[in-house]
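Undergrad:
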Amino acid sequence: MVVGASGEIGAALAVMLAGLGLTPVLVGRDEERLTRVAAACAVESGGGEPAVIRVADVTDRPALVDTMGAVADAGPVAVAVWAAGVFDWAPVQRADPGRWGELLDTNLASAAVFAAAVAPALVAAAPSCLVFIGSGAAHQAFANNAAYVASKHGLAGLAGGTFLDLRDLGVKVSLVSPGLVAAGAGLLSPTGATEPERLLAPADVAAAVRFVVTFPGRGCPTVIRLEPQRTP
Ligand SMILES: NC(=O)c1ccc[n+]([C@@H]2O[C@H](COP(=O)([O-])OP(=O)(O)OC[C@H]3O[C@@H](n4cnc5c(N)ncnc54)[C@H](OP(=O)(O)O)[C@@H]3O)[C@@H](O)[C@H]2O)c1
Numbered sequence: 594m595v596v597g598a599s600g601e602i603g604a605a606l607a608v609m610l611a612g613l614g615l616t617p618v619l620v621g622r623d624e625e626r627l628t629r630v631a632a633a634c635a636v637e638s639g640g641g642e643p644a645v646i647r648v649a650d651v652t653d654r655p656a657l658v659d660t661m662g663a664v665a666d667a668g669p670v671a672v673a674v675w676a677a678g679v680f681d682w683a684p685v686q687r688a689d690p691g692r693w694g695e696l697l698d699t700n701l702a703s704a705a706v707f708a709a710a711v712a713p714a715l716v717a718a719a720p721s722c723l724v725f726i727g728s729g730a731a732h733q734a735f736a737n738n739a740a741y742v743a744s745k746h747g748l749a750g751l752a753g754g755t756f757l758d759l760r761d762l763g764v765k766v767s768l769v770s771p772g773l774v775a776a777g778a779g780l781l782s783p784t785g786a787t788e789p790e791r792l793l794a795p796a797d798v799a800a801a802v803r804f805v806v807t808f809p810g811r812g813c814p815t816v817i818r819l820e821p822q823r824t825p
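Sequential numbering from 594 applies to the sequence shown in the numbering used here.
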C-alpha cells in the first residue's frame, strides 16, 4: 500500500512494489493520477494482479481508517508506505496559520492515524514492513518552512517509536529521508527549477525503500538519509 501514490515519489514507489510482484493499493485524492499510476504498475508487473485504487483524503480520519480496514479485509498487507505530504514556503512571521495547521494535520497527525490503523494488518501479515517518507527536514532545520520542518521531525519520532512497538512482532519500520528530489515541491527549489537533473529522482527514493523492503528480516534499516551526489 502506498499512501500518496498519486505524487511523483509515490508513483515511483508503487511501480517498484509492482516490480517486486506485490499488488499495489494506491491511496490519494486525485483519481485521474492514481489511474495513470495503476497503468504504470500494470506495465511493470508484466501481467500481475492489477493495482487497486482507493480515493481518500488522509485528513478525513474516519475515511482513512475505513480505507485501511477495507484494504486489510481484501488481503494481507505486506508493505505500507506513507508518502503523503504537503509543503509550504513562508517565513513564520508571514505564514498563514490555517495553512500551517493543515500542513501539520496532513504530514504528521494523519500519519499517526495511518500508523495506528494499519499496524494490526502489518502484524497479522508479518514479516512485513512500514516505511515513512521523511525529508532532510526531519533531521535539520531550514528557514522559510518551519511547519514542514516540525512535521517531518515529528514523523521521525513517529517512525522511531513505532519501530520499538512493532520490532518484536516482525514488522520492519523505517524512515527514508530524501534531500531535494526532482518532484513536487523539489522542482520549485532554485536548482529544481533550472537543473532538476542535479537532484535525486523519484526512482532513487524507491530504490531506498526497496532496500528496506527486501532487507533480511533479522535486521531493519530504521533510518535512511539520501542526498543528491552533487550540491543542489
Ligand atoms: N520533492 C522533494 O524534494 C521531497 C524531498 C523530501 C521529501 N519529500 C516528501 O516526499 C513525499 C511525496 O512528495 P512529492 O515530492 O512526490 O510531492 P507531490 O507530487 O506533491 O505528492 C504529494 C502526495 O501527497 C498526497 N496528499 C497530499 N495531501 C493529501 C491528502 N489530504 N489526502 C491524501 N493524499 C494527500 C498527494 O495526493 P493527492 O494530490 O492525490 O491528494 C500526493 O500523492 C512527501 O511526503 C514529501 O514531503 C519530497
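Glycine is no exception: its CB is placed at the ideal position from the N, C-alpha and C atoms.
Do L793 and G772 have their C-beta atoms within less than 8 Å of each other?
TA: yes
Undergrad: Alpha carbon to alpha carbon, how far is R687 from R647?
TA: 36 Å
Undergrad: Reducing DSSP to helix, strand and coil, say where V636 ends up.
TA: helix
Undergrad: Does ligand 1 have a heavy atom nearer than 7 Å to the CB of F680?
TA: In this structure, F680 has its beta carbon less than 7 Å from a heavy atom of ligand 1.
Undergrad: Could you give the DSSP three-state label for A739: helix, strand or coil?
TA: Three-state result, A739: helix.
Undergrad: Is it the case that the Cβ atoms of S638 and A605 are separated by a distance below 8 Å?
TA: no
Undergrad: Looking at T652: is its Cβ nearer than 8 Å to the Cβ of T616?
TA: Here T652 is not near T616, since their CB atoms are 8 Å or more apart.
Undergrad: Under the rule that 16 or more other beta-carbon atoms within 10 Å means buried, what is N738, buried or exposed?
TA: buried
Undergrad: Could you tell me whether the segment 710 to 723 touches the segment 780 to 793, using the rule of 3 or more Cβ pairs below 8 Å?
TA: Contact between the segment 710 to 723 and the segment 780 to 793 is not established, with fewer than three Cβ pairs separated by less than 8 Å.
Undergrad: At a cut-off of 7 Å, would you count D650 as near ligand 1, judging by its Cβ distance to the nearest heavy atom?
TA: yes
Undergrad: Rounded to whole angstroms, what is the Cα-Cα separation between F808 and A683?
TA: Their backbone Cα atoms lie some 39 Å apart in a straight line.
Undergrad: Going along the chain, which unbroken runs of the alpha helix (DSSP H) with 4 or more residues stay wholly within the segment 687 to 718?
TA: Counting only runs of 4 or more residues that sit fully inside the segment 687 to 718, the alpha helix (DSSP H) segments are 690 to 697, 703 to 718, in chain order.
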